[in-house]
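**Student:**
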Amino acid sequence: MNLVLGYAGIYPIGITWYVLQNTLLASLGFVHRDPTFDEGIVLPFAYTGFFLFTFAVISGIANYFLVRIWPFAKKWYWPIAAALLVLPGLLVIASPGLWDSIRWR
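For what it's worth, the working numbering labels the leading residue of the sequence shown as 4, then goes sequentially.
The structure is reproduced here in structure tokens:
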């Protein structure tokens, strides 16, 4: 379940990174601003907040119920769940073409 949520979480995490890269990190001088980023500041932060909040709620509700049926020691659930949640994102960062090659039929 967390692997599927991690795959779905690539989009909100990508939007968050895009907004941070073109606002805060560019203002601090860490990265260069994308010249096509002209949406203002309120709309991207509103979208980012909406996507991250929705993703966090869905992930939290799913993990709340999944931890109850976890057959092994409870102390191992959260590290494994967190690792599975970020694994698809790390794979896409390591190999950007992976996102395009995955086809759901």
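Just so it is clear, CB atoms sit at the ideal spot from N, CA and C, and this is done for glycine as well.
Taking the alpha helix (DSSP H) that Pro-38 falls in, what are its first and last residues?
**Tutor:** Counting from 1 along the sequence shown, the entry for residue 38 is found at position 35. Looking at the DSSP string, Pro-38 is not in any alpha helix (DSSP H), and its letter there is neither H nor E.
**Student:** Would Leu-88 and Asn-5 qualify as a contact pair, given that the criterion is a beta-carbon distance under 8 Å?
**Tutor:** One-based indexing of the sequence shown puts residue 88 at position 85. One-based indexing of the sequence shown puts residue 5 at position 2. Going by C-beta atoms, Leu-88 is nearer than 8 Å to Asn-5.
**Student:** List the endpoints of the continuous alpha helix (DSSP H) containing Thr-19.
**Tutor:** Sequence index remark: in the sequence shown, residue 19 carries index 16 (1-based). It spans 13 to 25 - the alpha helix (DSSP H) in which Thr-19 sits, taken as one unbroken run.
**Student:** Would you kindly check if the distance between the Cβ of Tyr-21 and the Cβ of Phe-54 is under 8 Å?
**Tutor:** Taking the sequence shown and counting its residues from 1, the one referred to as residue 54 is at position 51. Taking the sequence shown and counting its residues from 1, the one referred to as residue 21 is at position 18. Not a contact, by the Cβ cut-off of 8 Å.
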